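Numbering (the numbering used here), first residue to last: 4 to 231.
Take a look at the structure set out below.
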Ligand SMILES: [Zn+2]
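Structural data, given as structure tokens:
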């Protein structure tokens with residue numbers, strides 16, 4: 004899946020992978036075969052790395068930023084939300100893994116801060132794409148999650164609704180990250196694109212909660228093409 008509004012940018016490649024699309028398929032794609040894939044050990048943290056070349060060691064964190072062509076930033080998901088950020092003015096891209104823990108720690112604030120400090124990216128120029136994730140009606144969580152978001156300063160009334168089960172809530176993970184982008188970081192709402200697909204509901208996507216499968220992950224990627 005791609006953002007149709009981004010198709011007119013020939014320097015940019017990106018995609019939210021479907022079930023059955025693996026890391027090995029990236030090198031088979033003629034558009035992507037010249038890229039080197041950067042895959043992190045994902046931690047559900049707020050750690051974001053700025054890359055100016057292919058990293059020598061495996062990075063452990065949940066966000067990658069680069070202005071260098073030829074690197075393919077990878078985020079693997081199964082219910083968590085993958086987010087891409089693009090600064091078209093300075094040609095900088097980011098890929099961020101937003102599970103509830105990273106969302107609570109405001110990893111997108113960290114990513115946009117890094118883009119601003121290191122590349123001069125201005126929030127009002129940034130584009131964001133929020134990919135498939137487990138959607139609110141399917142995402143029941145316990146009271147500790149709501150309490151965590153409340154303590155972190157989120158307006159919980161806008162991202163949680165009571166579940167049928169007592170003391171349980173439905174979390175709008177995509178909505179929580181949209182709030183961060185629009186209200187806290189300062190992206191223009193019209194520059195935030197959302198792919199409305201639920202990993203739990205769609206057989207074309209992997210869901211950790213549905214599949215009870217710890218290994219299968221969707222592969223999401225973004226990168227800058229080498230010129231010429
Ligand atoms: Zn669903």
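The C-beta atom is built at its ideal place from N, Cα and C for all residues, glycine as well.
Everything numeric in this text was worked out from a predicted model, so none of it was measured.
Other residues of its chain near residue i: CB distance less than 6 Å, five sequence neighbours each side excluded
i	result
residue 164	173
residue 95	70, 118, 122, 124
residue 144	172, 174
residue 57	39
residue 194	130
residue 47	102, 104, 105
residue 4	19, 198
residue 166	143, 172, 173
residue 30	36
Sub-8 Å separation of residue i and residue j beta-carbons
i	j	result
residue 107	residue 152	yes
residue 102	residue 115	no
residue 182	residue 136	no
residue 126	residue 23	no
residue 66	residue 113	yes
residue 41	residue 76	yes
residue 6	residue 196	yes
residue 61	residue 79	no
residue 98	residue 225	yes
Of the listed residues the options, nearest to residue i (C-alpha basis)
i	options	result
residue 104	147, 210, 20	147
residue 170	156, 128, 149	149
residue 73	128, 16, 59	16
residue 178	10, 4, 198	198
residue 54	47, 64, 48, 46	64
residue 158	187, 32, 206	187
residue 109	27, 166, 156	156
residue 12	160, 92, 30, 32	92
Neighbourhood of residue i by C-beta distance below 8 Å, restricted to the same chain and skipping five residues each side
i	result
residue 180	84, 86, 101, 106, 111, 133
residue 192	185
residue 203	82, 137, 138, 141, 142, 210, 212, 213
residue 25	222
residue 168	143
residue 219	22, 81, 209
Proximal residues to residue i (C-beta, below 7 Å), its chain only, five neighbours per side dropped
i	result
residue 20	221, 222, 223
residue 90	118, 122, 124, 128, 129
residue 14	94, 227, 228
residue 8	196
residue 208	21, 22, 135, 200, 202, 221
residue 34	16
Per DSSP, cross-strand counterpart(s) of residue i
i	result
residue 132	87, 196
residue 164	173
residue 223	19, 78
residue 92	For residue 92, which the question treats as bridged, DSSP gives no partner whatsoever.
residue 68	53, 97
residue 141	In the DSSP output, where bridge partners are listed per residue, residue 141 has none listed.
residue 40	75
residue 115	Answer by DSSP bridge pairing: none, since residue 115 is not bridged.
residue 233	Outside the modelled stretch of the chain, which goes from 4 to 231, sits residue 233, for which no answer is possible.
residue 201	136
| message | Considering only heavy atoms of ligand 1 and the C-beta of each residue, which residues fall inside 5 Å, strictly closer? | response | Residues flagged by the Cβ proximity filter: 138, 141, 201, 203, 204.
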